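Working notes, beginning with the structure itself.
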Amino acid sequence: AVSFGKEITALSARYSGAKLLQKKYKDIEGTVKIEEVNGDELVKRFAEEMEEMLGRKMKAVKRLAEAAEDADLDHEYNETLEFDYYNSMLINTVDEDGNAVPLGGEFPLEENEHFNKLPVSIQQSNIQVPTNVYNRDPDILNGVYMSEALNDVFADNFQADPTLTWQYFGSSTGFFRLYPGIQWTPDENGVVTFDCRNRNWYIQAATSPKDVVIVVDVSGSMKGLRLTIAKHTINTILDTLGENDFVNIIAYSDYVRYVEPCFQGTLVQADLDNREHFKLLVEQLHVKGEGKVKKAMKESFRILNEATALGQGSLCNQAIMLITDGAMEDFQDVFQEFNWPERRVRVFTYLIGREMTFAENVKWIACNNKGYYTHVSTLADVQENVMEYLHVLSRPMVINHDHDIIWTEAYMDSVLFNTQAQSLLLMTSVAMPVFSKKRETLSHGILLGVVGTDVALRELMRLATRYKYKEGKKLKPKPNYNSVDLSEVEWEDSEEKLRTAMVKGETGNLSLDVKTSVDKGRRVMFLKNDYYYTVINETPFRTYCETDIDPAHRKLSQLQAVERYLTGKEPDLECDMQLLQQTLFDAVVTAPMEAYWNALMLNVSSMDEGIETAFLGTRSGLIRFLRYAGIEKRIGKSFLTSTDKENMFTLDHFPVWYRRAAEYPAGKFLYYMPRQDTRGRRPYLYLVYTHLQNKTNKQILRNTIYDGVFSFSFAMFTQPNMCGSLEGGQGINVGRYCQKSNTVCLFVCSCFLRVSLFDYQAMCKMNSHSVSSARPLLSVSSVHKKKGDILQPCDTEYPSFVYEPSVKETNSIIKCGRCQKMFVVQQIPESNLLMLVVQADCDCSKQVQENHTMLLLLLLDPAVHNSSVKCDRMKSQKVRRRPESCHSYHAQENAADCGGASFISPSTSVFFMCLLFAAVVS
Numbered sequence: 001a002v003s004f005g006k007e008i009t010a011l012s013a014r015y016s017g018a019k020l021l022q023k024k025y026k027d028i029e030g031t032v033k034i035e036e037v038n039g040d041e042l043v044k045r046f047a048e049e050m051e052e053m054l055g056r057k058m059k060a061v062k063r064l065a066e067a068a069e070d071a072d073l074d075h076e077y078n079e080t081l082e083f084d085y086y087n088s089m090l091i092n093t094v095d096e097d098g099n100a101v102p103l104g105g106e107f108p109l110e111e112n113e114h115f116n117k118l119p120v121s122i123q124q125s126n127i128q129v130p131t132n133v134y135n136r137d138p139d140i141l142n143g144v145y146m147s148e149a150l151n152d153v154f155a156d157n158f159q160a161d162p163t164l165t166w167q168y169f170g171s172s173t174g175f176f177r178l179y180p181g182i183q184w185t186p187d188e189n190g191v192v193t194f195d196c197r198n199r200n201w202y203i204q205a206a207t208s209p210k211d212v213v214i215v216v217d218v219s220g221s222m223k224g225l226r227l228t229i230a231k232h233t234i235n236t237i238l239d240t241l242g243e244n245d246f247v248n249i250i251a252y253s254d255y256v257r258y259v260e261p262c263f264q265g266t267l268v269q270a271d272l273d274n275r276e277h278f279k280l281l282v283e284q285l286h287v288k289g290e291g292k293v294k295k296a297m298k299e300s301f302r303i304l305n306e307a308t309a310l311g312q313g314s315l316c317n318q319a320i321m322l323i324t325d326g327a328m329e330d331f332q333d334v335f336q337e338f339n340w341p342e343r344r345v346r347v348f349t350y351l352i353g354r355e356m357t358f359a360e361n362v363k364w365i366a367c368n369n370k371g372y373y374t375h376v377s378t379l380a381d382v383q384e385n386v387m388e389y390l391h392v393l394s395r396p397m398v399i400n401h402d403h404d405i406i407w408t409e410a411y412m413d414s415v416l417f418n419t420q421a422q423s424l425l426l427m428t429s430v431a432m433p434v435f436s437k438k439r440e441t442l443s444h445g446i447l448l449g450v451v452g453t454d455v456a457l458r459e460l461m462r463l464a465t466r467y468k469y470k471e472g473k474k475l476k477p478k479p480n481y482n483s484v485d486l487s488e489v490e491w492e493d494s495e496e497k498l499r500t501a502m503v504k505g506e507t508g509n510l511s512l513d514v515k516t517s518v519d520k521g522r523r524v525m526f527l528k529n530d531y532y533y534t535v536i537n538e539t540p541f542r543t544y545c546e547t548d549i550d551p552a553h554r555k556l557s558q559l560q561a562v563e564r565y566l567t568g569k570e571p572d573l574e575c576d577m578q579l580l581q582q583t584l585f586d587a588v589v590t591a592p593m594e595a596y597w598n599a600l601m602l603n604v605s606s607m608d609e610g611i612e613t614a615f616l617g618t619r620s621g622l623i624r625f626l627r628y629a630g631i632e633k634r635i636g637k638s639f640l641t642s643t644d645k646e647n648m649f650t651l652d653h654f655p656v657w658y659r660r661a662a663e664y665p666a667g668k669f670l671y672y673m674p675r676q677d678t679r680g681r682r683p684y685l686y687l688v689y690t691h692l693q694n695k696t697n698k699q700i701l702r703n704t705i706y707d708g709v710f711s712f713s714f715a716m717f718t719q720p721n722m723c724g725s726l727e728g729g730q731g732i733n734v735g736r737y738c739q740k741s742n743t744v745c746l747f748v749c750s751c752f753l754r755v756s757l758f759d760y761q762a763m764c765k766m767n768s769h770s771v772s773s774a775r776p777l778l779s780v781s782s783v784h785k786k787k788g789d790i791l792q793p794c795d796t797e798y799p800s801f802v803y804e805p806s807v808k809e810t811n812s813i814i815k816c817g818r819c820q821k822m823f824v825v826q827q828i829p830e831s832n833l834l835m836l837v838v839q840a841d842c843d844c845s846k847q848v849q850e851n852h853t854m855l856l857l858l859l860l861d862p863a864v865h866n867s868s869v870k871c872d873r874m875k876s877q878k879v880r881r882r883p884e885s886c887h888s889y890h891a892q893e894n895a896a897d898c899g900g901a902s903f904i905s906p907s908t909s910v911f912f913m914c915l916l917f918a919a920v921v922s
């Protein structure tokens, strides 16, 4: 081991040229001023830049809202209006005779780099209408005609701020006006299910936060189509809830039960996971017995009252959604006890089926509790009838004309994108409600719709240039991604100090000892991170040159933009001068490295066998490399090529080799075995790095000039089962190695300390046949089937192993039938490698595989999946930043507008008839 250590250290020093580069940096040390970066000032500057950028988006949305309200004020509703508009699903299509189809016509589209290379029209917007909405309905035609006034505002906004992306107006009647105009693609069945009123930006802007208890009748009379309609109604209500809302579902017949026993007596946040979890359970509902709604209503009021008393839930609107085919009990005393006279809890009723016997009773419940009654007789009626409750909840806000601007949580949207690469784009939306300002409709509080625009999070990250800060843990974009809590990423913040401070909008800093995995979970690093945080006012939450502002610059590559800027050809380009200066500085200092490497390569007689590539990288993003060997001799053929995305610097990516070396002691070489197939007799490939930093450097933020990684790669040939090298130091996932040689792993694991890592953003495989009521806590927000498996979000724990440095050498023997195999492990000096020597004349692989495979799987499986998400995680109510305003009451609200032609009060005879009918049925 000692001899090998000396040899590999000498090779590393010679072919990397690390000493030469150290000298070059040392030579200019006296002429360079090193400035310590103040983390508090840095995060403050980031916040100010983000605030300015997001402020432009909010101003654009305000202009849209004002224009829409003025257009509605000037528009007189016309029941017989005839108006042709551009329907985004029908444009540029013709019939069998070659004529443009109605609501179609020629709509020029041009591929646009700024809009993810989609064909768009930046000249005007067009209209999308869901398949279940009649596209020539008078309400649709009047709304589309009125909103034509937004076309000029869309274009003016985009001209004033070319970084704007999609702008839109979502109408309360169901149509969606989108700028720039696009060709909308239906699903494989020719159906467009997208309804803007179900989007989070619409829901959050249209209503204040709400607590909702859904009460569903599962008595015997609800069998067949009625139960199907009821289930669809529940799912549609769930689709109208967002991150600021809280919910629970109660089913009743002869008795009351919660569809999820874990959530008994409480409200849970209506995030995507919980909503999809409820949908799974709703599908398992079955009917039996007689409907007793009185107990269910009492339980619903109890949940809502307790939430208010404990300061939980939304602390704003509260509502009960009653879904039934009839209410036969005398329930007036329930409302007198729990809800009258304040009527703080609104009750919305949905009468299921064609039977109208109990319509007056069900309507009376809604009208006497500031709610709304709807009759849902078919599946096609569900969507529009459910939407009525949003209009009712928005009345106080509309009457008071409170234009609250909302920002959604980060989400991943695939609606407008054709490929997975385009859809894996985290974004947030800013939106504002649009009200009718007509005096005659004031007390009705008519919501016209919601205007908004999207902001890709990568636009925010361009302001916080990566070279100025240390990379933390990452969010994992995945199908149906909606929101990840900070505690699920920085899970070492067990006391939630960082999370609580950020939720409260505080400014400060703290340090945390964290464990993070790199190389796709294969290795673990132990870090001490400094966190700096501050608030971005009026909101809830860089490249070298900015080429996205001026349309004329959008086709320039970063290299072309930098060249044009530095040569004075494009002086108007917005470039990060600090980053450019650091890159140029690194380029000058590292220039002698190419001459050094070339001299070694040209001296063929002294070249050592197996040396492949020399390379270096700096924090500013500069990479230099030289190939010592031709491609026919190289093992790492893709390393540092244009297709090797993992090892290249990008806008939001530091390569693993850079990250690991930056955390390694300065001036020492780090050896690394990359992820690739090395089974059989294929040679092992190792990469070698060293990390340089200036003497005054105390943290990553301060070494933006001197920080660099200098490396080379070489191939080492070993005889199978004779001798090999394993990584120590920063930690490895030994499970990967165990899959190749069980005999080695059984021994090596005794030299490593196990470290548990957690992933709260994981996706687990679950057999489709096991999705049943027996596993009620599984989240099913993502369903991707392959060979009977379903991928679902889950919490996982997986082990990584760190070599114990105090163990310099160890050995052991494993008996294999008639022979025994000896192992010896030694540390290789001046490296993070271990030498493993295995006796070769005893083959016990078959016996080990039979006896120990199950043990290894239990101990070393890199992702030990929990079978379900824990109950307390799903119903936990962490400290959260609530919306600053709540609109739940207004004295001028017309509560008599409750879904019926007139106010209804049940008579004694009606109740007697109901009870008599119930007796006959039973």
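In terms of full-length UniProt numbering, the sequence shown is residues 1 to 922. In this text, a Cβ means the ideal position worked out from N, Cα and C, and glycines have one as well. As the structure is a prediction and not an experimental result, all values here were calculated from the model.
How is the alpha helix (DSSP H) around R458 delimited, first residue to last? By 1-based counting over the sequence shown, the position of residue 458 is 458. Start and end: 457-463.
Do R346 and V392 have their CB atoms nearer than 8 Å? On the sequence shown, residue 346 is found 346 positions in, with the first residue counted as 1. On the sequence shown, residue 392 is found 392 positions in, with the first residue counted as 1. A contact, by the Cβ cut-off of 8 Å.
Given a threshold of 16 other Cβ atoms within 10 Å of its Cβ, counted over all protein chains shown, does L602 qualify as buried or as exposed? On the sequence shown, position 602 is the one that residue 602 refers to. Answer is exposed; the Cβ neighbour count stays below 16.
Taking the straight line between their C-alpha atoms, what separation do you get for L118 and L241? What you label residue 118 is simply residue 118 of the sequence shown in a count that begins at 1. What you label residue 241 is simply residue 241 of the sequence shown in a count that begins at 1. Going by the C-alpha atoms only, they are around 30 Å apart.
Output needed for S436: all residues of its chain with C-beta closer than 7 Å, excluding positions within five of it in sequence on either side, in chain order. Counted from its first residue, the sequence shown places residue 436 at position 436. Closer than 7 Å at the Cβ level, and outside the excluded window around S436, lie D72, I446, L448.
For S756, which residues from the same chain have a beta carbon less than 7 Å from its beta carbon, with the 5 sequence-adjacent residues on both sides left out? Here the question's residue 756 lines up with position 756 in the sequence shown. So the list reads E797, P799, once near-sequence residues are dropped.
CB-CB under 6 Å to L322, same chain, minus the five flanking residues each way: which ones, in chain order? Stepping through the sequence shown from its first residue, residue 322 is reached at position 322. Correct list, in chain order: V215, T349.
Tell me I813's beta-bridge partners as DSSP assigns them. If you number the sequence shown from 1, residue 813 lands on position 813. DSSP lists M822 as partners of I813.
Which residues in the same chain as I399 place their Cβ atom closer than 8 Å to its Cβ, once the five residues preceding and following it in sequence are excluded? Locating residue 399 in the sequence shown gives position 399, counting from the first residue. These residues qualify, in order along the chain: L442, S443, G445, H890, Q892, E893.
A591 versus K19 - alpha carbon distance: For the purposes of this step, residue 591 is taken as residue 591 along the sequence shown, with counting starting at 1. For the purposes of this step, residue 19 is taken as residue 19 along the sequence shown, with counting starting at 1. Whole-angstrom Cα-Cα distance: 14 Å.
Given a threshold of 16 other Cβ atoms within 10 Å of its Cβ, counted over all protein chains shown, does G353 qualify as buried or as exposed? Sequence index remark: in the sequence shown, residue 353 carries index 353 (1-based). The residue in question, G353, is buried, as its Cβ has 16 or more Cβ neighbours within 10 Å.
What do you get for G817, buried or exposed, if any count of 16 or more other CB atoms within 10 angstroms of its CB means buried? As a first step, residue 817 is located in the sequence shown; it is residue number 817 there, counting from the start. The residue in question, G817, is exposed, as its Cβ has fewer than 16 Cβ neighbours within 10 Å.
Buried or exposed: N248, going by 16 or more other Cβ atoms within 10 Å of its Cβ? Here residue 248 corresponds to residue number 248 of the sequence shown, with the count starting at 1. Buried: at least 16 other Cβ atoms inside 10 Å.
Beta carbon of E113, beta carbon of V120: below 8 Å? In the sequence shown, counting from the first residue as 1, residue 113 sits at position 113. In the sequence shown, counting from the first residue as 1, residue 120 sits at position 120. It is not a contact, given that the beta carbons lie outside the stated cut-off.
With respect to the alpha helix (DSSP H) encompassing T228, which residues constitute its N-terminal and C-terminal limits? Here residue 228 corresponds to residue number 228 of the sequence shown, with the count starting at 1. 225-239 is the extent of the alpha helix (DSSP H) around T228.
Bridge partners - E111, DSSP secondary structure assignment: Walking along the sequence shown from the start, residue 111 turns up at place 111. DSSP lists P119 as partners of E111.
C-alpha distance - R682 paired with E609, whole-angstrom precision: Here residue 682 is taken as the residue at index 682 of the sequence shown, counted from 1. Here residue 609 is taken as the residue at index 609 of the sequence shown, counted from 1. Note that R682 scores a pLDDT of 44, beneath 50, so its modelled location is shaky; the value from the coordinates is reported in the next line. In a straight line, the C-alpha of R682 is about 16 Å away from that of E609.
Nearest candidate by alpha-carbon position, reference residue 927, set W201, N200, W184: The chain is shown from 1 up to 922; residue 927 falls before or after that span and cannot be answered.
Looking only at its own chain, which residues have a Cβ that is under 7 Å from the Cβ of L460, when we skip the five neighbours before and after it? To locate residue 460, count along the sequence shown from 1; it is residue 460. Excluding residues within five positions, the ones whose Cβ falls inside 7 Å are M50.
Quick one: which unbroken beta strand (DSSP E) runs of 3-plus residues sit fully inside the segment 592-627? Chain order, please. 611-618, 623-627
Is the shortest distance between the beta-carbon of V43 and the beta-carbons of chain D less than 8 Å? As a matter of chain content, chain D is missing from the structure shown, which is built from one protein chain.
Comparing alpha-carbon positions, which option in G630, M673, R619 lies nearest M648? Here residue 648 refers to the residue found at position 648 of the sequence shown. For the residues G630, M673, R619, the minimum Cα distance to M648 belongs to R619.
Quick check on the burial criterion: 16 or more other C-beta atoms within 10 angstroms. Buried or exposed for D217? As a position in the sequence shown, residue 217 is number 217, starting the count at 1. It counts as buried.
Cβ-Cβ distance between Y672 and W657 below 8 Å: Taking the first residue of the sequence shown as 1, we reach residue 672 at position 672. Taking the first residue of the sequence shown as 1, we reach residue 657 at position 657. Yes. Within cutoff.
Go ahead and label C819 buried or exposed: buried means 16 or more other beta carbons lie within 10 angstroms of its beta carbon, across all protein chains shown. Here residue 819 refers to the residue found at position 819 of the sequence shown. C819 is exposed by the Cβ-count criterion.
With DSSP collapsed to three states, give me the class of R344. What you label residue 344 is simply residue 344 of the sequence shown in a count that begins at 1. It is coil, neither helix nor strand.
Any contact between the segment 135-149 and the segment 198-213? By contact I mean 3 or more CB pairs, one from each, below 8 Å. no
C-beta atoms of G55 and V129 nearer than 8 Å: Taking the sequence shown and counting its residues from 1, one reaches residue 55 at position 55. Taking the sequence shown and counting its residues from 1, one reaches residue 129 at position 129. In this structure, V129 does not lie closer than 8 Å to G55 by Cβ.
Own chain partners of T9 with C-beta closer than 6 Å, once the 5 adjacent residues on each side are dropped: Looking up residue 9 in the sequence shown gives position 9. E830, listed in sequence order.
Euclidean distance between Cα positions of residue 928 and D897: Residue 928 lies beyond the range of the chain shown here (1 to 922); nothing can be said about it.
Please classify K26: does DSSP put it in a helix, a strand, or coil? Start at 1 with the first residue of the sequence shown, and residue 26 comes out as number 26. Of the three classes helix, strand and coil, the one that applies to K26 here is helix, per DSSP.
Helix or strand or just coil, what does DSSP make of A10? Counting from 1 along the sequence shown, the entry for residue 10 is found at position 10. The answer is helix: DSSP assigns A10 an H, G or I state.
Ignore the nearest five residues each way along the sequence and tell me which others in N92's own chain have a CB closer than 6 Å to its CB. Start at 1 with the first residue of the sequence shown, and residue 92 comes out as number 92. F107.
Looking only at DSSP bridge pairs, what is W407 linked to? Walking along the sequence shown from the start, residue 407 turns up at place 407. Note: W407 sits in a beta bridge opposite V430.
Cα-Cα separation between L600 and V562, rounded to whole angstroms: Translated into positions along the sequence shown, residue 600 becomes position 600. Translated into positions along the sequence shown, residue 562 becomes position 562. When rounded, the distance between both Cα atoms is 32 Å.
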